[in-house]
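Chains A and B are the protein sequences, given in the same order. Every position in the first sequence, counted from 1, becomes a number in the working numbering once 378 is added. Every position in the second sequence, counted from 1, becomes a number in the working numbering once 3 is added. Just so you know, even glycine gets a beta-carbon here, dropped at the ideal spot from N, CA and C. As the structure is a computational prediction, the values presented were derived from the model and not from experiment.
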Amino acid sequence: MGTETKYQNKKMTADSKKIIKNKRLKITDILASDAIRNRLFQAGFIPGTLISLINQMPFSGALTFKLRGTKFALRNEDAACLRVEYA
Amino acid sequence: MSTQKFVALVGQPNAGKTTLFNQLTGLNSKVVNYPGSTVDIAKGPIKENPDITIIDLPGITSLDPQSEDEKITHQALYQLNELIKEARKEPDLVIFVLDQTQRSRHLSVLKQCLDANLNLVVALSMTDLAQKEQKALDPKKLSTLIGCPVHTINHQNKNEKTIINKLINQDYFSKKESHKTHKISQQEIGRNYEWAEQIIKKTQLKNRIENKAWDLDALFLHPILGPMSFVVLMGLFFTSIFTLAAPLMDGVDAFFSMLSLQVSSLAPSNLITKVISEGLITGLGGIFVFVPQIAILFFGLGILESTGYLARAAVIIDKPLSKIGLSGRCFLPMLAGCACAIPAMMAARNIPNKWEKRICLWIIPLMQCSARLPVYGLLLGLLFFNKPWFSGIGLTIIYLASVLFACLIAALLSRGNQKGTYFQMELPHWRWPNIKIILIQTIQKTKSFITNAGPIIIIISIVLWTISVFPTEQNSIAMWLGQWLTPIWEPMGLDWRVGVAILLSFAAREVFVSVLAVLFTIQAGQTSLLTTLQQATWPGTQAILFTPSVIVGLIIFYMIALQCGATVGIAKKEMGNWKEPLLQLVSYSVLAYVLAVMVQWVA
């Protein structure tokens with residue numbers, strides 16, 4: 379709390395190229411159709427969850443996130459539905 | 004009323020179900036269903052107690068089934084008697100395998116099972132790794148919180164008996180009825196995760212800090228090094244499949260030819276001897292010749308899968324596959340299709356998206372399976388006589404062209420998919436492969452390949468043998484058919500003899516070579532098949548039969564035509580109807596024919 383204030387309140391999508399790797403992010407919202415939301419929920423991407431980006435494949439390929447103790451890969455389009463901020 | 008008890012293993016994918024299954028059964032198991040990567044249902048009696056059968060079910064991410072294999076698990080939990088006749092409607096006991104390193108996700112599914120009132124025992128797995136990562140849970144506390152027995156299992160533990168005694172206690176068996184699950188809402192999923200977080204807080208064990216488990220993702224998921232290592236690994240994988248299998252396949256081939264010769268020379272020369280030596284033994288040889296390659300393929304895939312690499316490969320390849328309406332999950336079946344379409348189609352079963360699975364099943368026969376290799380070997384040898392280097396380039400071009408063609412077909416088919424595709428995949432931890440278990444699974448899967456595909460191949464080869472020798476070898480039904488169908492072969496630039504070879508190779512492609520050997524050596528009586536074919540002319544003329552354009556046409560024909568009886572049989576099983584595999588058979592074969600004819604027009 380209170381540390382690294384320069385990252386705070388910066389809302390962005392999880393596919394943003396600006397995201398710093400291996401830095402903790404908090405999901406603030408999921409803006410997607412019900413079907414996609416459902417899929418992401420099942421995988422554990424729920425508002426409030428802490429995640430971090432590990433890597434992304436070139437040319438806007440799949441992104442790998444760390445969340446809830448595991449790694450999970452999402453397509454760029456799905457990651458774009460996640461609104462995140464630095465935690 | 005049978006005394007047989009059935010215990011089902013349930014859990015998320017990669018939870019450690021199969022490892023536990025192997026410990027409980029001592030690897031004395033049978034695959035109930037078809038082989039494929041992780042979609043088998045294995046069952047086997049527990050050690051020293053044949054009355055209790057363990058069933059290893061496909062992993063689930065929710066009790067609300069989404070994919071084909073989740074549906075199988077769901078069915079096994081609620082209508083086990085449809086899967087196994089002797090069983091009751093529900094398993095007598097359900098062991099929920101919970102990977103402690105992924106506890107919140109796994110606990111949230113456990114919550115669904117608890118809500119469904121399943122007769123549960125929880126097995127906490129991956130204890131070593133969880134202790135290293137400080138994620139191990141307290142089984143006693145968890146048990147009192149959730150109201151069912153909980154035990155920690157350690158996969159390194161060699162004492163299987165204690166595990167059996169712990170998990171499969173006779174007192175746990177009950178006849179309580181579970182209730183069917185409903186559609187699980189987002190709110191409920193959210194609540195389940197919250198519940199999981201609460202449980203973790205209350206049951207977390209305090210541990211000393213140890214070194215972190217090894218993580219290779221810095222290399223294999225690196226944006227640049229990842230795709231590069233992918234290309235290198237897959238290249239190595241395929242060259243090793245082909246180079247390791249080649250001498251073994253030659254050996255099997257030689258063995259069956261020798262056996263056939265021995266039988267026909269030793270036994271009295273009559274019809275039965277002929278049926279056995281030329282029909283049955285050759286047919287059996289036709290199956291067993293693929294055993295080395297399929298076994299090596301299964302072994303290699305087993306290693307790639309159990310280390311956790313296949314999931315990374317799917318992440319890397321997802322982007323290009325998304326362009327043609329597929330996803331990273333289609334990678335494994337397509338990869339397997341480059342060796343044999345049969346295990347490939349079976350592996351397509353764990354693609355959750357229906358359209359993707361369908362497209363995948365459609366393009367698998369276009370992957371260049373190993374049965375085509377002897378055909379290409381012969382045709383390229385004819386095209387580039389005494390220039391093996393050119394043949395190598397030719398083969399590479401064939402592979403690349405077929406992948407491009409498959410992509411084209413996939414892109415075309417995906418236009419029918421209105422819902423679009425998606426890709427989400429959990430990446431398992433990196434692990435050392437357990438060679439012993441992979442070997443045993445390889446043997447099981449290879450065995451079920453023989454028992455599943457075997458009968459079809461034997462029947463077809465006996466039928467084809469019969470029509471190729473009756474009434475006489477020089478004037479058989481097959482020859483009569485071939486000659487009768489001359490109008491079909493002529494536009495391809497072929498005479499009836501090659502036509503017969505094509506006709507007979509609809510059983511299995513590699514038959515093409517042996518039929519040509521029979522038909523052409525009889526008439527020319529020369530030394531090697533290659534020189535015989537090179538000098539072969541149209542009957543009664545001096546015109547060379549195998550001109551370059553004819554050979555190219557034949558290669559294109561073999562690239563596309565669906566000439567494999569076993570594939571059609573498996574496709575029927577996987578697609579769930581006869582219409583689609585037959586449409587596939589006809590459309591690919593007609594397309595192949597049209598393209599081969601077009602080559603002759605252009606030339």
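Can you grab the Cα-Cα spacing for the pair B/Val-516 / B/Thr-449, in whole Å? 25 Å
Alpha carbon to alpha carbon, how far is B/Gly-288 from B/Ala-257? 9 Å
Would you please state the rounded distance, in angstroms, between the beta carbons of A/Ile-429 and A/Lys-449? I believe it to be under 8 Å. The Cβ separation is near 10 Å, so there is no contact.
How many Å lie between B/Ala-520 and B/Leu-548 at the Cα? 15 Å
Could you pull out every residue in the same chain whose Cβ sits closer than 8 Å to the Cβ of A/Thr-381, ignoring the five residues on either side in sequence? Here A/Thr-381 scores only 45 on pLDDT, less than 50, and its place in the model should not be relied on; the value that follows carries that caveat. The answer is none, since no qualifying residue turns up.
Any Cβ of chain B within less than 7 Å of the Cβ of A/Asn-476? Within the shown structure, residues of chain A are numbered from 379 to 465, placing residue 476 of chain A beyond reach of any answer.
Completely contained beta strand (DSSP E) runs for the segment 113 to 201 of chain B, where each covers 3 or more residues: 123 to 128 and 153 to 155
Give me the Cα-Cα distance between B/Gln-173 and B/Ile-49, rounded to the nearest whole angstrom. 13 Å
Measure from the C-beta of B/Glu-71 to each C-beta in chain A and report whether the shortest distance is under 7 Å. no
Any residues in the segment 414 to 430 of chain B with a beta carbon nearer than 7 Å to a beta carbon of chain A? Which ones, in chain order? Tyr-425, Phe-426, Gln-427, Met-428, Glu-429 and Leu-430
Bounding residues of the beta strand (DSSP E) (the contiguous stretch that carries B/Arg-221): Arg is not the amino acid found at residue 221 of chain B; the sequence shown has Ala there. Segment 220 to 223 is the alpha helix (DSSP H) holding B/Ala-221; no beta strand (DSSP E) there.
Determine which residues share a DSSP beta bridge with B/Ile-55 and list them. B/Lys-8
So A/Arg-415 contacts chain B; which residues on that side make the cut at Cβ distance below 7 Å? Gln-189
Amino acids of chain A, ordered along the chain, whose beta-carbon sits closer than 7 Å to that of B/Tyr-196: Gly-422 and Ile-424
Selected residue, minimal CA-CA separation from B/Leu-123, among B/Glu-93, B/Ser-107, B/Ile-453 and B/Lys-138: B/Glu-93
Can you tell me where the alpha helix (DSSP H) holding B/Val-255 begins and where it ends? 228 to 269
Against chain A, with Cβ distances strictly below 7 Å, would B/Gln-566 count as a contact? no
For B/Val-35, does the three-state DSSP call read helix, strand or coil? Low local confidence applies: a pLDDT of 48 at B/Val-35 is under 50, so the model's placement there is unreliable, with the coordinate-based value given in what follows. Coil.
Shorter than 7 Å from the beta carbon of B/Asp-118 to some beta carbon of chain A? no
If you check the beta carbons only, do B/Gln-296 and B/Ala-248 fall under 7 Å apart? yes
Beta-ladder partner(s) of A/Asp-407, from DSSP: A/Arg-461
Pick from A/Ser-411, A/Gln-420, A/Pro-436 and A/Arg-415 that is closest to B/Leu-429, judged by C-alpha positions: Looking at the sequence shown, residue 429 of chain B is not Leu but Glu. The candidate whose alpha carbon is nearest that of B/Glu-429 is A/Gln-420.
What is the DSSP secondary structure of B/Gln-603, counted as helix, strand or coil? helix
Can you give the Cα-Cα distance for A/Lys-401 and A/Leu-460, rounded to whole angstroms? 16 Å
Alpha-carbon to alpha-carbon, B/Leu-300 and B/His-432: 23 Å
A/Ser-411 burial status per 10 Å Cβ neighbour count (16 or more: buried): exposed
Identified DSSP bridge partners for B/Cys-567: B/Ala-511
Go ahead and label B/Ile-212 buried or exposed: buried means 16 or more other beta carbons lie within 10 angstroms of its beta carbon, across all protein chains shown. Because the pLDDT of B/Ile-212 is 49, which lies under 50, any placement of that residue in the model is unreliable, and the number read from its coordinates should be weighed accordingly. That one is exposed.
Near B/Arg-434, which residues of its chain fall below 7 Å by C-beta distance, leaving aside the five closest residues on each side in sequence? Ser-309, Thr-310 and Gly-311
Roughly how many whole angstroms lie between the Cα atoms of B/Asn-157 and B/Leu-101? 12 Å
For B/Ala-599 and B/Asp-498, I'd like the C-alpha separation in whole angstroms. 14 Å
Sort out for me which residues DSSP pairs B/Pro-542 with in a bridge. Beta-bridge pairing links B/Pro-542 to no other residue.
Give the secondary structure of B/Lys-575 by DSSP, where H, G and I count as helix, E and B as strand, and everything else as coil. helix
B/Val-503 in three-state terms, based on DSSP: helix
Runs of alpha helix (DSSP H) wholly within the segment 364 to 404 of chain B (minimum 4 residues, chain order): 375 to 386
Is there a Cβ from chain A that is less than 7 Å from the Cβ of B/Ser-232? no
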